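Notes to accompany the following structure.
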Amino acid sequence: MVQHGDKIILGVSGGADSVCLLFLLLEYRKRTAFEMAVVHVNHGLRGRAAEEDARYVEDLCKQWKLPFYPVKGDVRSLATEEKCSEEDAGRRLRYRAFGQAAEKFGGTKIGVAHNSNDRAETMLLHLFRGSGLKGLCGMEPVRENIIRPLLCLEREEIEAYLQERNIPWCTDSTNGEDKYTRNRIRHHILPYAEEEISEKSVSHMCRTAELLAETEDYLRQQTAEAGKRCISGNRIDTETFKELHPVLQKRVLLAILENLSPTGKDIAAVHVQDVLTLFERRGNRSICLPFGIRFRRQYDEVIFGNGRESEQQKALPEFDFSEIFLKNREEVPRNEYTKWFDYDKIKESPVVRFRQTGDYLTISDGKGNVIHKSLKDYMITEKIPREMRDRIPVLAEGSHVLWLIGYRISEYYKIDRNTKRILQVKLIGDCADSGTEEKNG
Numbered sequence: 007m008v009q010h011g012d013k014i015i016l017g018v019s020g021g022a023d024s025v026c027l028l029f030l031l032l033e034y035r036k037r038t039a040f041e042m043a044v045v046h047v048n049h050g051l052r053g054r055a056a057e058e059d060a061r062y063v064e065d066l067c068k069q070w071k072l073p074f075y076p077v078k079g080d081v082r083s084l085a086t087e088e089k090c091s092e093e094d095a096g097r098r099l100r101y102r103a104f105g106q107a108a109e110k111f112g113g114t115k116i117g118v119a120h121n122s123n124d125r126a127e128t129m130l131l132h133l134f135r136g137s138g139l140k141g142l143c144g145m146e147p148v149r150e151n152i153i154r155p156l157l158c159l160e161r162e163e164i165e166a167y168l169q170e171r172n173i174p175w176c177t178d179s180t181n182g183e184d185k186y187t188r189n190r191i192r193h194h195i196l197p198y199a200e201e202e203i204s205e206k207s208v209s210h211m212c213r214t215a216e217l218l219a220e221t222e223d224y225l226r227q228q229t230a231e232a233g234k235r236c237i238s239g240n241r242i243d244t245e246t247f248k249e250l251h252p253v254l255q256k257r258v259l260l261a262i263l264e265n266l267s268p269t270g271k272d273i274a275a276v277h278v279q280d281v282l283t284l285f286e287r288r289g290n291r292s293i294c295l296p297f298g299i300r301f302r303r304q305y306d307e308v309i310f311g312n313g314r315e316s317e318q319q320k321a322l323p324e325f326d327f328s329e330i331f332l333k334n335r336e337e338v339p340r341n342e343y344t345k346w347f348d349y350d351k352i353k354e355s356p357v358v359r360f361r362q363t364g365d366y367l368t369i370s371d372g373k374g375n376v377i378h379k380s381l382k383d384y385m386i387t388e389k390i391p392r393e394m395r396d397r398i399p400v401l402a403e404g405s406h407v408l409w410l411i412g413y414r415i416s417e418y419y420k421i422d423r424n425t426k427r428i429l430q431v432k433l434i435g436d437c438a439d440s441g442t443e444e445k446n447g
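Residue numbers (my numbering): 7 to 447.
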């Protein structure tokens with residue numbers, strides 16, 4: 007989770023979990039050299055009490071000489087504006103704050119303080135609302151650049167750690183209310199399970215989550231391979247698709263639907279089932295789904311897209327589908343030896359060099375979000391041989407890699423419809439792997 011040279015953005019509310027995580031990482035920093043910055047989010051729900059929590063966290067940061075990024079939001083207004091629950095709005099507010107702080111601090115990872123109880127609550131929440139295998143895995147210890155070092159600890163262990171060391175923490179009054187669904191699970195369902203069924207209910211659920219996560223990881227790999235076999239661009243070959251196991255058929259379609267939707271959410275099993283009907287019998291037919299998503303049967307193919315993109319597919323890097331090449335008034339030509347970047351997003355002079363500790367790319371997570379991924383992790387994912395990794399040049403602004411030459415450019419610097427000035431970078435000579443470069447747009 008934590009490597010030498012990391013820059014970790016740490017979410018600290020002032021509660022027991024996040025304070026514990028802060029002190030554990032301060033202790034771990036004695037063994038491994040890394041930097042930390044703290045983000046504190048005031049959700050605008052608790053008035054003076056929230057301001058006191060912010061002051062407490064700020065004092066901790068001053069004591070330990072840590073950069074402090076306070077953020078104040080209005081969760082109720084955000085929930086109304088984005089048509090979501092206050093719980094979801096709060097989560098969105100926090101992760102946006104983490105992302106903004108990462109941009110300022112050059113953060114490579116985001117540390118959050120979820121524990122075993124949180125994971126068990128998430129599993130139940132997803133189960134009750136209807137979930138596939140991925141949702142039943144609950145939270146993952148590591149997901150892209152997000153780390154959860156406390157996921158192996160239960161809430162009682164965390165509080166005991168702080169009490170033994172006389173470390174105070176803040177108590178959020180809203181955690182005691184039953185207004186939120188998660189709180190009702192926390193206050194009533196899990197305690198009942200531990201008292202009446204098994205006192206180790208939480209640890210058993212977390213063990214099951216680990217097994218489910220392994221299964222999901224295997225199925226993700228199988229789905230990626232299935233997608234490669236039956237999909238080209240935004241077209242699905244019906245005969246190849248029908249050879250897949252029903253589980254893989256549904257997963258491939260779900261991945262497409264999630265990536266075509268604006269947020270990756272609000273896609274349900276019924277939508278997947280609707281699309282499956284196109285493969286059951288011949289005949290040119292269309293199905294229109296939420297967000298303007300459309301699937302159309304045409305002879306031996308099913309073509310998919312949405313109204314915003316004229317039936318061209320969004321970027322689906324997990325399945326190696328072709329990315330949309332965004333236009334900036336006039337189409338910029340594609341060439342694996344020349345790349346174009348949004349000049350106004352570059353604040354420092356970029357340099358060509360070889361990789362360094364702390365380097366990262368910004369990539370699409372396949373759900374419409376742009377996230378940080380360490381260059382090391384990206385090279386491992388792309389199966390770049392270890393002996394080659396130090397010989398591939400990069401174009402970088404500080405630790406942010408604009409272009410891993412021969413492979414891909416960072417999403418953050420890509421040209422879009424708002425681009426005003428373009429930086430053109432041309433490689434004169436051989437590209438490391440033009441096939442991979444073309445694949446990653």
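We put the beta carbon where it would ideally sit given N, CA and C, even for glycine. All values derive from a computational prediction rather than experimental measurement.
Between the segment 14–22 and the segment 168–182 there are three or more C-beta pairs closer than 8 Å, enough to call the two in contact. If only complete runs of 3 or more residues are kept, the segment 224–274 shows the beta strand (DSSP E) at 241–243, in order along the chain. In the structure shown, the three-state DSSP call for residue 43 is strand. Counting only unbroken stretches of 3 or more residues, the beta strand (DSSP E) elements lying wholly within the segment 59–83 are 74–78, in sequence order. Its Cα nearest to that of residue 400, the residue 367 stands out among 367, 307, 371 and 26. By the CB criterion at 8 Å, residue 132 and residue 157 fall outside the cutoff.
Counting along the chain, residue 25 sits inside the alpha helix (DSSP H) bounded by residues 22–34. Residue 44 is positioned such that its CB atom lies closer than 8 Å to that of residue 67. Counting only runs of 3 or more residues that sit fully inside the segment 82–136, the beta strand (DSSP E) segments are 115–117, in chain order.
With fewer than 16 other CB atoms across the displayed protein chains lying within 10 angstroms of its CB, residue 432 is exposed. For residue 402, the number of other beta carbons within 10 angstroms of its own is at least 16, and it is reported as buried. In the three-state scheme derived from DSSP, where H, G and I count as helix and E and B as strand, residue 281 is classed as helix. The C-beta distance from residue 284 to residue 273 rounds to 16 Å, too long to fall under 8 Å, and the pair is not in contact.
If you check the CB distance, residue 266 and residue 297 come in under 8 Å. Per DSSP, residue 188 lies in no beta strand (DSSP E); the unbroken alpha helix (DSSP H) holding it starts and ends at 187–190. The count of Cβ pairs closer than 8 Å, one atom from the segment 85–94 and one from the segment 108–120, stays below three, leaving the stretches out of contact. A check of alpha carbon separations from residue 152 across 185, 242, 167 and 13 identifies 13 as the nearest. DSSP places residue 430 in the uninterrupted beta strand (DSSP E) bounded by 428–432. In the displayed model, residue 163 falls within a helix according to three-state DSSP. A distance below 6 Å between beta-carbons, with the five flanking residues on each side excluded, links residue 144 to the following residues of its chain, in chain order: 125, 128, 129 and 215. In the three-state reduction of the DSSP assignment, residue 376 falls in the strand class.
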